[in-house]
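Residue numbering for the sequence shown follows my numbering, starting at 188 and increasing by one per position. All remarks here apply to the structure that follows.
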Amino acid sequence: MPRALEALDHIVQRLERGEVTAIEAIDALLSEEYATRETRRIDIALRTSKLLPVKTLESFDFSFQPSLDRERIAALAQLDFVRRAEVVHFLGPPGTGKSHLATALGVAAVKAGRQVYRASLAELIDALTKAERQGELAEKIRFYTRSSLLIVDEIGYLPISRGGANLFFQLVNARYEKGAMILTSNRSFAEWGEVFGDPVVATALLDRLLHHAVVVQIEGASYRLRSHADLVPDHVRANARITPPPKRRGRSPKNEAANP
Numbered sequence: 188m189p190r191a192l193e194a195l196d197h198i199v200q201r202l203e204r205g206e207v208t209a210i211e212a213i214d215a216l217l218s219e220e221y222a223t224r225e226t227r228r229i230d231i232a233l234r235t236s237k238l239l240p241v242k243t244l245e246s247f248d249f250s251f252q253p254s255l256d257r258e259r260i261a262a263l264a265q266l267d268f269v270r271r272a273e274v275v276h277f278l279g280p281p282g283t284g285k286s287h288l289a290t291a292l293g294v295a296a297v298k299a300g301r302q303v304y305r306a307s308l309a310e311l312i313d314a315l316t317k318a319e320r321q322g323e324l325a326e327k328i329r330f331y332t333r334s335s336l337l338i339v340d341e342i343g344y345l346p347i348s349r350g351g352a353n354l355f356f357q358l359v360n361a362r363y364e365k366g367a368m369i370l371t372s373n374r375s376f377a378e379w380g381e382v383f384g385d386p387v388v389a390t391a392l393l394d395r396l397l398h399h400a401v402v403v404q405i406e407g408a409s410y411r412l413r414s415h416a417d418l419v420p421d422h423v424r425a426n427a428r429i430t431p432p433p434k435r436r437g438r439s440p441k442n443e444a445a446n447p
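Laid out in structure tokens, this is it:
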């Protein structure tokens, strides 16, 4: 208990002066040690989860994205979706905060003691392709399914081969109803056939990824380009918007908002 040892002299002095009772002194020592260990655990977990640099909901500028329901995001931070093995989709143009929100929820999960892993779609497919080539695909998929929460960032930014799409489907299928996921994309679901180079695989992916899902649509300008918005052509801003998937019939508005 190295931290408790460091604090021992100070706490003993307080005890001798009658400022704390013996039980309070012991509690203070254990609290010091626990806080240090918890900080160390979180630091290590954030590195192994690929969640650096750290993003938090407190540092997100909700005023810049008024289309976002702040209470809904706060509800996601309670992590019930992780317990229910649901999928959260953040859709929106580049620079609207999708990756920030995904990372912030991942950080919240790490602090709550959950195992998290984050990667871009391109990084995942590269790793799966390499594992398949080396005859270690099953082991690699098991690695990605061990986490309580898998964050897949940047879907739609780079083209995916049919082989890569099939590998990603195997991963999604392995996690289906077993582990939660957060996905970020700048492309509508209707465009996933183009993104993955195979409409059949895209349909199979969406069948699983939308079954137990929360879809968060962000409609706004790029935060990174806020100081240079006048330099972005109008047609680029117009084409960057994403329309959400059609709502399913037969559900109440409340249920539709929670599980599109």
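In this text, a Cβ means the ideal position worked out from N, Cα and C, and glycines have one as well.
Check your understanding: Sorted by chain position, which residues of the same chain lie with C-beta nearer than 7 Å to residue 353's C-beta, five sequence neighbours on each side aside?
Key -> Here the set comprises 388.
**Study point:** Option nearest residue 378 by Cα separation, candidates 296, 312, 278 and 309
**Key:** Selected option, being the one with the closest Cα: 278.
**Study point:** Option in 342, 227, 265 and 318 with minimal Cα separation from residue 331
**Key:** With distances taken between Cα atoms, residue 331 lies closest to 318.
**Study point:** Three-state secondary structure assigned by DSSP to residue 335
**Key:** Three-state result, residue 335: coil.
Check your understanding: In whole angstroms, what is the alpha-carbon distance linking residue 188 and residue 226?
Key -> Distance between the alpha carbons of residue 188 and residue 226: 14 Å.
**Study point:** Buried versus exposed, by CB contacts within 10 Å (16 or more), residue 304
**Key:** Residue 304 comes out buried.
Review point. At a cut of 8 Å, does the stretch 246-256 reach the stretch 342-359 through at least three beta carbon pairs?
Key: Counting Cβ pairs under 8 Å, fewer than three are found: no touch.
Review point. Are residue 269 and residue 334 closer than 8 Å when you measure CB to CB?
Key: For the pair residue 269 and residue 334, the CB atoms are not nearer than the 8 Å cut-off.
Practice item. Just the C-alpha distance for residue 221 and residue 208, rounded to the nearest angstrom, thanks. Key: About 20 Å.
Practice item. Measure how close the beta-carbons of residue 291 and residue 244 come, nearest whole angstrom, since I'm counting them as under 8 Å. Key: The pair is a contact, with the Cβ atoms about 5 Å apart (cut-off 8 Å).
Check your understanding: Going along the chain, which unbroken runs of the beta strand (DSSP E) with 3 or more residues stay wholly within the stretch 267-311?
Key -> 274-278 and 303-307, all fully within the stretch 267-311.
Exercise for review: Tell me where the beta strand (DSSP E) around residue 393 begins and ends.
Suggested key: Counting along the chain, no beta strand (DSSP E) covers residue 393; the unbroken alpha helix (DSSP H) around it starts and ends at 386-396.
Exercise for review: Determine the closest residue to residue 283 out of 372, 351, 214 and 400, with distance taken between C-alpha atoms.
Suggested key: Out of 372, 351, 214 and 400, 372 has the C-alpha closest to the C-alpha of residue 283.
Review point. How long is the line joining the alpha carbons of residue 355 and residue 364, rounded to whole angstroms?
Key: Looking at the two C-alpha atoms, the distance is approximately 16 Å.
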